[in-house]
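Numbering (this note's numbering), first residue to last: 105 to 185.
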């Protein structure tokens, strides 16, 4: 997808990308450079350990979109390349 840098150096992330990554207004992103490319990654969501029954589970400190089987499949395909 094509995006343009404005006079102030801002780039609008196209809506389909924002939606697929769950990025909303005010979301923090980490911006870096690697091999002449600009890398922009969503800031990881903080997690915490919570007691559940006899064990503990990890839960996000903020609401997260539901994880779908399609998301899992896409992730597996991406890491296998």
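We put the beta carbon where it would ideally sit given N, CA and C, even for glycine.
Select from the options the residue whose C-alpha is nearest the C-alpha of residue i.
i: residue 162; options: 169, 168, 153 and 127; result: 153
i: residue 147; options: 173, 172, 140 and 128; result: 128
i: residue 167; options: 138, 114 and 149; result: 149
Please report the distance separating the alpha-carbon of residue i from that of residue j.
i: residue 119; j: residue 158; result: 43 Å
i: residue 151; j: residue 165; result: 6 Å
i: residue 132; j: residue 156; result: 30 Å
i: residue 176; j: residue 137; result: 27 Å
i: residue 139; j: residue 172; result: 33 Å
i: residue 117; j: residue 160; result: 37 Å
From the DSSP output, read off the bridge partner residues of residue i.
i: residue 141; result: 138
i: residue 126; result: BP columns for residue 126 are empty, so no partner.
i: residue 164; result: 151
i: residue 156; result: 159
Check whether the Cβ atoms of residue i and residue j lie closer than 8 Å to each other.
i: residue 123; j: residue 134; result: no
i: residue 126; j: residue 169; result: yes
Say whether chain C places a C-beta atom closer than 8 Å to the C-beta of residue i.
i: residue 143; result: Of the protein chains in this structure there is only one, and it is not chain C.
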